[in-house]
Amino acid sequence: MNEQKNFSLKPMLLCFIGFIVLSVAIMTGLIYVLQHDSVKTITEIGNIYMEGISDKNVQHFETIVETRLDQLAEIGLNEDQADMIESAKTKGMSSLAIYDSQGNVDLLYGEPSELNSKATFLKGIQDGEIVVRTGVSPNGRVIAFGIPYRGKALVGEIPATDLAARLFKPEEKSPVASLIIANDGSYVIRDSDDGFNGSYFDRWKSEDVKGLQQAMEKNETYSNVWTEHGERIRIYATPLPYTKSYLITTMPFGVINDLINGLNMKTIFWIGLGSVLIFGVLLIGFYQYYRFSKRQIEQLRILNDKLMVASNAKSEFLSKMSHDIRTPMNGIMGMTTIALAHEEDRDRVKHCLLKIMQSSKHLLSLINDVLDMSKIESGKLTLQYEVLSLKELVGDIVAIAQPQVLAKHQDFDVLLSNVEYENVYGDSVRMSQILMNLLSNAIKFTPEGGRITVSLREEALEDKPEFIRLHMVVEDTGIGMSKEFIAKIYDSFTRERSQIVDHTEGSGLGMAITKHIIDAMDGQILIESEIGSGSQFHVILDLKKADAFGTVVSLPPLNLMVIDDDPLFLETVSESLEQMGISLESYIDVNKALNKLKEKHYDVVLLDWKMPSCDGIELAKRIRAQVAEPIPIILISAYDFSEIQGQAKEAGIDGFIQKPLFPSSLYEGIQPFFTLEEKEVEKKEENSSLAGKRILIAEDNELNYEIAHDLLEERGLLLERAKDGKEALDLFESSSVGYYDAILMDIRMPNMDGYEAAKRIRHSKRADADVLILAMTADAFNEDATLAKEAGMNAHIPKPIDIVLVMQMLRKYLSAPSTS
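For the sequence shown, this note's numbering assigns the number 236 to the initial residue and increments by one for each residue that follows.
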């Protein structure tokens, strides 16, 4: 037995001895290689380090020089010398002068200076070059920047100390020193004064300096190791742009040497420590192998238990599904039997068919849940990304949910906040499924009379500007959930155990399916709930924008009143209307709103249908009875209007807008009433001050011009046409001052577009260069309106032409007497 044990230990002992010998041999060889290569490593690292510092300083120098040259060019744009001097002083220049080709100096201000290589400096500027040179003034060494200027040279100077302060910002305890020298070795600037005032070349051995001078003559980079007072110094020299000077960077050789040696010793230490650790790992390896095997057996047992639990859960699910499936099946079969037995009784048959339809829908939802879960578990769930309308998505869900909400007499609302992009890329089917699952649960688990709210909010993403972050929140005042159940809510076939839930239809798969879909979309879902207080489900999805500039709607300035009992809704609808340029007043108190309607004119009134104190229909009757002015009244609600349309119209309600109130929904609901009202106003103003105004229409499309011509000529306007921007500009410039009262400018035209034509008109020196210019184009995004403003146009009118809007704009800007 002992022999067998010793025999089994002998291979292990031999392995340990071999490992120790191999480790010692490797460490010895490593020390030799590290020492042999340390000098080479120091040289390579030194070159890389010094080159990096030099490149950074050269780039910094080039930036400073180019900034100063740009400033000098800006100074040269001034016509008056006093303005030039003031500008130069503001930019921190110590002197400003004009040199002619003979070297004569017209000193505008500052102290005179003597420039190095003055002749080549002036010749370079005469040749059209931008030149930088050093010089000496009574106040010390200066840096001169020269640019061509009206056949001469405009030269600005700054103290060399200023350049040094900006260029060299030494870090604490930095071994690197930097300086700039001229070709003759004289100092231009340096980051510290070491007390040596002679030529830079004089402080070094001639054989070292010779290599540097040769490199400077060839305008090449130079790198080497020099010796000063017995200390080895690494030097790196590189030419500076725009000058005949060199940037010199130095660092003691010993800094990197000590660093490399320290790293070598640390490497050896850690390798030795690592070898010891590996040796220790091998010692306990066999013991760990035994424990690992034991753990594997335990894990297999746990896995088997989980499989048994899953199997039992599926068995329980099948048992429950058998009951849930039989319930609607019994209903279908039973109602079919009753219908066949009463074929002559149409009302009875109709009642049976409705029950059969309800049971069929419930049965279909159960089957769909099972099929979806089957797809998810087999990894076959796929997403089909396409352009979808959030407006249509939410509208469809609301339409589906309304019958259930009404049946339980629940208070239901849909709120929007900051929804700028109505069209996004996403899987409309799966997003509908997410929202429908959450909303269905809220309806099922909220008792009669409870409140359910669906909220949508968009958030801009700075790191992904082509995406928006959509927040969908479904909140209810239902029965709530325990924290224990929330922790396992996404498990398949899981439902909260309570008397209410046990009597509620469902498969227990809805939340598991919802979570899988959200995960597939790289989103997240957050849950807040408390038993007896309700639940909140918050879904966050990043969706790509389908419209680059969001949903663009444009209405003329209107004055609206909104009456609703929900402050949050009033806040969100105010945001949407104000973004459309509409003035808004909101009221919760019905009596205050009525009093205000008697005192002030409003273009449109928006009423919520269901309010506790007074519903929208009753309030509309009171408005019609107490307010003489025929104000358009629009009813808003998340509920279906079809049942009350007749009653609403009798009460004086002019239109309906279905919640949620997307910008496009508001526009579509308000715009028709505004148009009708403006047409009436327009009839009264046919003989207004616009008659006889001369309008130039820049339009390349014949049909578009014909439409605009006919619509505007009927209103007494005098019209002329330009077929492109160039012709519009020529007609304007050749006309007498004030000849044209306004220009309607298309944007996309041949030869010259509308933007360029507008810019040139604004920059002309005519007295009527501020003539009214309205962009009238099919480019209807927010960015297009911004570009029109930047080009100098007064306003932006999208096509197709809305003649009411055009006339309103003309009246707005041409209401004052003509200056022609």
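Where a beta carbon is used, it is the ideal one built from N, C-alpha and C, also for glycine.
Reduced DSSP secondary structure (H/G/I, E/B, other) of residue i
i: Asp965; result: helix
i: Gln771; result: strand
i: Gly927; result: coil
i: Lys643; result: coil
i: Pro1035; result: coil
i: Ile871; result: strand
i: Phe702; result: strand
i: Met707; result: strand
i: Pro907; result: helix
i: Leu901; result: helix
i: Gly758; result: coil
i: Gln893; result: strand
i: Asp1019; result: helix
i: Leu1009; result: strand
i: Met796; result: strand
i: Leu1049; result: helix
i: Lys590; result: helix
i: Val972; result: coil
i: Leu304; result: helix
Residue burial classification, residue i (beta-carbon count within 10 angstroms, cutoff 16)
i: Met592; result: exposed
i: Asn351; result: buried
i: Glu937; result: exposed
i: Gln504; result: Before going on, a small fix: residue 504 reads as Phe here, not Gln. Looking at its Cβ environment, which holds fewer than 16 other Cβ atoms inside 10 Å, Phe504 is exposed.
i: Arg376; result: buried
i: Arg368; result: buried
i: Arg581; result: exposed
i: Asp799; result: buried
i: Phe195; result: Any answer about residue 195 is impossible in this case: the structure gives the chain only from 236 up to 1055.
i: Thr502; result: exposed
i: Asn459; result: exposed
i: Asp945; result: exposed
i: Asn339; result: exposed
i: Val1041; result: buried
i: Pro907; result: exposed
i: Glu934; result: buried
i: Asn922; result: No answer about Asn922 holds up, because its pLDDT of 41 lies below 50 and its placement is not dependable.
Nearest-angstrom Cα separation, counted from residue j out to residue i
i: Leu911; j: Ala886; result: Here Leu911 scores only 44 on pLDDT, less than 50, and its place in the model is too uncertain to base an answer on.
i: Leu953; j: Ala943; result: 12 Å
i: Lys831; j: Leu819; result: 13 Å
i: Ser900; j: Leu805; result: 16 Å
i: Met815; j: Ala993; result: 26 Å
i: Gly989; j: Ser969; result: 18 Å
i: Thr617; j: Ile602; result: 19 Å
i: Phe897; j: Val797; result: 15 Å
i: Met486; j: Gly446; result: 18 Å
i: Pro985; j: Arg1001; result: 25 Å
i: Thr849; j: Asp711; result: Before going further, note that residue 849 is Cys rather than Thr in the sequence given. The alpha-carbon atoms of Cys849 and Asp711 are separated by roughly 24 Å.
i: Asp290; j: Arg438; result: 25 Å
i: Met564; j: Ser594; result: 7 Å
i: Pro792; j: Glu813; result: 10 Å
i: Asp631; j: Thr688; result: 16 Å
i: Asp341; j: Ser348; result: 12 Å
i: Leu705; j: Val544; result: 37 Å
i: Ser770; j: Phe647; result: 15 Å
Short Cβ contact (8 Å threshold) for residue i with residue j
i: Lys779; j: Glu701; result: yes
i: Thr571; j: Ile669; result: no
i: Val423; j: Ser480; result: yes
i: Leu650; j: Leu803; result: yes
i: Gly685; j: Gly713; result: yes
i: Glu392; j: Met451; result: no
i: Lys833; j: Ser872; result: no
i: Leu398; j: Ile483; result: no
i: Lys387; j: Ile333; result: yes
i: Gly960; j: Glu991; result: yes
i: Ile1008; j: Met987; result: no
heavy atom of the ligand ADP below 7 Å from residue i C-beta
i: Ile415; result: Although the ligand ADP was asked about, the structure shown includes no ligands whatsoever.
Residue i at chain C interface by Cβ criterion, 8 Å
i: Arg1001; result: Here there is only one protein chain, and chain C is not present.
List in chain order: all unbroken beta strand (DSSP E) runs of 3+ residues lying wholly within the region 390-468. 412-416, 422-425, 457-463
What are the uninterrupted segments assigned as alpha helix (DSSP H) that are 4 or more residues long and contained completely in the region 328-385, given in chain order? 353-361
Let me know the beta strand (DSSP E) ranges lying completely inside the region 825-876, each 3 residues or longer, listed in chain order. 839-843, 868-872
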